[in-house]
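Chemist: To start, I am sharing the structure in question, which I have written as structure tokens.
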């Protein structure tokens, strides 16, 4: 072989040797390209699988079955005190009124028949009836056609997850109930509609009544706190470090700290919140205020890093021109550099907010995982956020919760896509290339 | 006044001072006096002085008064209660604050009511004092600045100094956060290591954190809590390995294809689409892993005659691998692009094919950067929480079989610290020790990765 390396072969021989290997080398080249294509294909296939799996469950999750009943709104029964107060309505027998309409529609009779028929309708129907009466008292003492959600087991049956063929003792609804459901279906009283509970309902252990409204408000409040804190602080830090900070040990320490914070796992920020805000300051658990502060600390590095990049992208000639006509350094900064860097800063902030919106782990640590029915009215009311709600629902085994969880995920993803699209638009429209 | 109304009040006062000072200087200016600075700087100076000190005091008082009340309220707790064995400060405080807030759970001892009454008194006093202090401070600060509205006063310089201080102060937040993290983790960890020896924590092979005296499930005997963290780290390691076997080949080959072969059009579409994978919230991945991937792997394994746990490391690792593909591909893409074109041209000149150039010239040159990107992906995988909490389970098995259920450091931290916990028990404290090791590992990985990237950059610059 040493002969070859010393080049003692004639050019013809060399050329023929190269030619002999060419076919193999070309096929190797093709194979290598193919590996790349396969890799990208796999990554995209994962993405598609993820979205298809979520959407195929999530889209049905936006709908649920309702039953329409002719309800006779007997005032004496519904409003015993006669003053239309909330208390009086709660004392009244809304349940009985709905049941009566249900028995008429299904033809249920006898104790066990009525019991079975009663299970068809959601426990939330009474509340819905009371609200309808409160909104419009004139409907009292008339007969109204009203729509109520069906129980989640009945819903699962109607969707075909609970099979008719399953032996009666193995399924969650009995033959008698199936009979009534069939009667209702024949009369065309059962409808499959957009689920208003999903959007306007709050946390509930009953799948058919569960909704994301409270979590959505909690997310908005938490993000608002996060934005109010992290945007000004992030921009201020970036401005200071890029334009004013002296090159010394302290500045270097700050920079190292920011880079490290960007690498710290998000759970650790939850521990920080738990130990400092709840443990030492004694603030209550589960409130959006602490959630927002924790998320602000977490997103701060993202905002700082992108804001610094935006400031650095402003050409020095702008600064020189401003300084040249007599502006102070601070005026140059505030009147020229920051406004020019603002699109970049906003983009970074929106991306940081999108991260914060999807974050779950740190919020679990500060107790936003509690079961809270009330919609939070302010940042100091206990609440939960959308990702945590998804986490909690994912634990429930009911089929309808699986669907509603997927639907909630779609809502979350929609918000994230919206935010990222906004970031891209801002970047495209406003960012200047120098 | 509540803190919020107070905040609004001082904002209004500051705005008023801004107008007054602004007007004063601009009317004198109109009359022909020459001022050092523009009128609005006098206004701003007055507004800043009216707002900042008052706001700082307001913040301190709003956060601080509860702390003071707590220590004061402890004096009301009778000595015999304090001496009793199951005395817990947290519980006593909850009793008192519940009465203060008007939430009653049954009858409380008399001293609780006494403490609550006193608390309400302090609260009223402190609110009054706070209102007076903050409002007067705001008025005085503004007044002081207003009196300085004269031609010789350099208000612009003063305002700029204040703004500079604010900027510097907010950049200190990063340091404060780090200190906060270190404090919150170190102290509790030290207390944990006082209860459990470091060697047992680091080298023990059984993880069974029970509250002291709790009965071990099923065994009928009082189980001893053991805090050997090896199974947790083994589980973390196993899941990370699975994740890497998915993400490294896929990420690396996509990066090579995108940077070397793809047309600009393909690249412009595929790259952002792949980065979508990094933008999906982890809770969504967790849901996907638990509800779609894990059952699929289980049924596939069963049909092959394998024994697959319903929460297998494979499912969690696979999904985590999907999540970190963009971390590997984006950074690898960058470093491959950073390899100088001259190297490629030299290889082509010698007659090598495109793939030979990539494999034998570009990749070796980009290797440090690729390694760094993998390390960053590992650090992401180690710190990832939701996927493992939802899909990997809690069984602390010391196993290297990806079909078994394992648990990880992060999922143990979450399980231990979510919900109500006793602050004093070794179980709770163990979560802080785990967090400490987690921080050390992830920061270590990042440090090494960044050093490699830095060195590599210098090479070609």
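Residue numbers (the numbering used here), protein chains in the order written: chain A, 135 to 568; chain B, 8 to 468. Ideal Cβ positions, reconstructed from N, Cα and C, are used throughout, including at glycine.
(1) For residue 293 of chain A, go through chain B and note every residue whose CB falls closer than 7 Å to its CB, in chain order.
(2) What are the residues that DSSP puts in a beta bridge with residue 326 of chain A?
(3) Is DSSP giving residue 242 of chain A helix, strand or coil here?
(4) Using the Cβ count rule (16 or more neighbours within 10 Å means buried), how would you classify residue 439 of chain B?
(5) Do residue 389 of chain B and residue 289 of chain B have their C-beta atoms closer together than 8 Å?
(6) Please classify residue 369 of chain B as buried or exposed, where buried requires at least 16 other C-beta atoms within 10 Å of its C-beta.
(7) Compute the minimum distance between the beta carbon of residue 187 of chain A and the heavy atoms of the ligand COA, and state whether it is under 7 Å.
(8) Between B:107, B:110, B:277 and B:84, which has its C-alpha nearest residue 99 of chain B's C-alpha?
(9) By a C-beta neighbour count over all protein chains shown, 10 Å radius and 16 as the cutoff for buried, is residue 391 of chain A buried or exposed?
(10) Determine, for residue 240 of chain B, whether the minimum Cβ-Cβ distance to residues of chain A falls below 8 Å.
(11) Suppose you measure from the CA of residue 158 of chain A to the CA of residue 463 of chain B; what does that come to, to the nearest Å?
(12) When Cβ atoms are compared, which residues of the stretch 356-378 of chain A fall closer than 7 Å to chain B?
(13) Find the residues of chain A that neighbour residue 390 of chain B, judging by a C-beta separation of less than 9 Å, and give them in chain order.
(14) Please list the residues of the stretch 359-371 of chain B that have a C-beta atom closer than 9 Å to any C-beta atom in chain A, keeping them in chain order.
(15) Which of the residues in the stretch 434-447 of chain B, read from start to end, lie with their CB under 8 Å from any CB of chain A?
(16) Where does the unbroken beta strand (DSSP E) through residue 9 of chain B begin, and where does it stop?
(17) Please report how far the alpha carbon of residue 393 of chain B lies from the alpha carbon of residue 326 of chain B, in whole angstroms.
(18) Relative to the C-alpha of residue 13 of chain B, which candidate in B:139, B:259 and B:87 has its C-alpha closest?
(19) With a threshold of 16 other CB atoms inside 10 Å of the CB of residue 110 of chain B, please say whether the residue is buried or exposed.
(20) Of the choices B:442, B:336 and B:41, whose alpha-carbon is the least far from that of residue 382 of chain B?
(21) Taking all protein chains shown into account, decide if residue 346 of chain A is buried (16 or more other Cβ within 10 angstroms of its Cβ) or exposed.
(22) From the DSSP output, in three-state form, read off residue 225 of chain B for me.
(23) What residue range is occupied by the uninterrupted alpha helix (DSSP H) comprising residue 379 of chain B?
(24) Return the CA-CA distance between residue 224 of chain B and residue 63 of chain B, expressed in angstroms with no decimal places.
(25) Between residue 323 of chain B and chain A, is there a C-beta pair that is closer than 8 Å?
(26) For residue 282 of chain B, write down the residues that DSSP places opposite it in a beta bridge.
(27) Determine the closest residue to residue 459 of chain B out of B:379, B:192 and B:181, with distance taken between C-alpha atoms.
(28) Of all the options B:103, B:126 and B:124, which has the alpha carbon lying nearest to the alpha carbon of residue 115 of chain B?
(29) If you follow the alpha helix (DSSP H) that residue 303 of chain B is part of, which residue opens it and which one closes it?
(30) Could you tell me if residue 189 of chain B is buried or exposed, where buried requires 16 or more neighbouring beta carbons within 10 angstroms of its beta carbon?
(31) Taking the continuous alpha helix (DSSP H) assigned at residue 280 of chain A, which residues delimit it?
(32) Going by beta-carbon coordinates alone, are residue 263 of chain A and residue 228 of chain A separated by less than 8 Å?
(33) Which first and last residues belong to the alpha helix (DSSP H) in which residue 261 of chain A is found?
(34) Any C-beta of chain A sitting closer than 8 Å to the C-beta of residue 173 of chain B?
(35) Using a Cβ cut-off of 8 Å (strictly closer), state whether residue 280 of chain B contacts chain A.
(36) I'd like to know whether the C-beta atoms of residue 274 of chain B and residue 265 of chain B end up nearer to each other than 8 Å.
Modeler: Let me lay it out:
(1) For the purposes of this step, residue 293 of chain A is taken as residue 159 along the first chain, with counting starting at 1. Under the 7 Å cutoff, chain B gives no residues; its nearest Cβ is about 17 Å from residue 293 of chain A.
(2) Sequence index remark: in the first chain, residue 326 of chain A carries index 192 (1-based). Partner(s): A:199.
(3) The residue you call residue 242 of chain A lines up with position 108 of the first chain. Of the three classes helix, strand and coil, the one that applies to residue 242 of chain A here is coil, per DSSP.
(4) Your numbering for residue 439 of chain B matches position 432 in the second chain. Under this definition residue 439 of chain B is a buried residue.
(5) For the purposes of this step, residue 389 of chain B is taken as residue 382 along the second chain, with counting starting at 1. For the purposes of this step, residue 289 of chain B is taken as residue 282 along the second chain, with counting starting at 1. Taking 8 Å as the Cβ cut-off, residue 389 of chain B and residue 289 of chain B do not qualify as a contacting pair.
(6) Walking along the second chain from the start, residue 369 of chain B turns up at place 362. With 16 or more other Cβ atoms within 10 Å, it is buried.
(7) Although the ligand COA was asked about, the structure shown includes no ligands whatsoever.
(8) For the purposes of this step, residue 99 of chain B is taken as the residue at position 92 of the second chain. Of the listed residues, the one whose Cα sits closest to residue 99 of chain B is B:84.
(9) Here residue 391 of chain A is taken as the residue at index 257 of the first chain, counted from 1. Buried, by the Cβ-count rule.
(10) Residue mapping note: residue 240 of chain B aligns to position 233 of the second chain, counting from 1. With 8 Å as the cut-off, residue 240 of chain B does not count as an interface residue toward chain A.
(11) The residue given as residue 158 of chain A occupies position 24 in the first chain. The residue given as residue 463 of chain B occupies position 456 in the second chain. Their backbone Cα atoms lie some 34 Å apart in a straight line.
(12) 367, 370, 371, 373, 374, 375 and 378
(13) Position 383 of the second chain, counted from the start, is the residue given in the question as residue 390 of chain B. Near residue 390 of chain B (Cβ distances below 9 Å), the residues of chain A are 397, 398, 399, 400, 401 and 402.
(14) 359, 360, 361, 362, 363, 365 and 366
(15) 438, 439, 442, 445 and 446
(16) As a first step, residue 9 of chain B is located in the second chain; it is residue number 2 there, counting from the start. Neither: residue 9 of chain B is in no beta strand (DSSP E) and is coded neither H nor E.
(17) By 1-based counting over the second chain, the position of residue 393 of chain B is 386. By 1-based counting over the second chain, the position of residue 326 of chain B is 319. Rounded to the nearest angstrom, the two C-alpha atoms are 11 Å apart.
(18) The residue given as residue 13 of chain B occupies position 6 in the second chain. The residue with the shortest Cα to Cα distance from residue 13 of chain B is B:139.
(19) Position 103 of the second chain, counted from the start, is the residue given in the question as residue 110 of chain B. Answer is exposed; the Cβ neighbour count stays below 16.
(20) As a working mapping, residue 382 of chain B is identified with position 375 in the second chain. It is B:336.
(21) For the purposes of this step, residue 346 of chain A is taken as residue 212 along the first chain, with counting starting at 1. By the neighbour-count rule (16 or more Cβ atoms within 10 Å), residue 346 of chain A is buried.
(22) As a working note, residue 225 of chain B is residue 218 in the second chain. Its pLDDT being 45, under 50, residue 225 of chain B is placed unreliably by the model, and the measurement read from it follows with that caveat. If DSSP states are grouped into helix, strand and coil, residue 225 of chain B belongs with coil.
(23) On the second chain, position 372 is the one that residue 379 of chain B refers to. Looking at the DSSP string, the run of the alpha helix (DSSP H) that includes residue 379 of chain B is 370-390.
(24) Locating residue 224 of chain B in the second chain gives position 217, where the first residue counts as 1. Locating residue 63 of chain B in the second chain gives position 56, where the first residue counts as 1. Bear in mind that a pLDDT of 48 at residue 224 of chain B, under 50, signals an unreliable position, so the model cannot answer this.
(25) On the second chain, residue 323 of chain B is found 316 positions in, with the first residue counted as 1. Answer no: the Cβ-Cβ gap between residue 323 of chain B and chain A never drops below 8 Å.
(26) Taking the second chain and counting its residues from 1, the one referred to as residue 282 of chain B is at position 275. Note: residue 282 of chain B sits in no beta bridge, so no partner.
(27) As a working mapping, residue 459 of chain B is identified with position 452 in the second chain. Answer by Cα proximity: B:379.
(28) The residue you call residue 115 of chain B lines up with position 108 of the second chain. Of the candidates B:103, B:126 and B:124, the one whose C-alpha sits nearest the C-alpha of residue 115 of chain B is B:103.
(29) Walking along the second chain from the start, residue 303 of chain B turns up at place 296. Counting along the chain, the alpha helix (DSSP H) containing residue 303 of chain B begins and ends at 301-310.
(30) Walking along the second chain from the start, residue 189 of chain B turns up at place 182. Per the 10 Å Cβ criterion, exposed.
(31) Indexing the first chain from 1 puts residue 280 of chain A at position 146. Residue 280 of chain A -> not in any alpha helix (DSSP H); beta strand (DSSP E) instead, spanning 277-283.
(32) If you number the first chain from 1, residue 263 of chain A lands on position 129. If you number the first chain from 1, residue 228 of chain A lands on position 94. The answer is yes: Cβ separation under 8 Å.
(33) The residue given as residue 261 of chain A occupies position 127 in the first chain. It spans 259-269 - the alpha helix (DSSP H) in which residue 261 of chain A sits, taken as one unbroken run.
(34) Translated into the one-based positions of the second chain, residue 173 of chain B becomes position 166. Yes, residue 173 of chain B lies at the interface with chain A (some Cβ there is under 8 Å from its Cβ).
(35) Walking along the second chain from the start, residue 280 of chain B turns up at place 273. At least one chain A Cβ lies under 8 Å of residue 280 of chain B.
(36) In the second chain, the residue the question calls residue 274 of chain B occupies position 267. In the second chain, the residue the question calls residue 265 of chain B occupies position 258. In contact: residue 274 of chain B and residue 265 of chain B (Cβ atoms closer than 8 Å).
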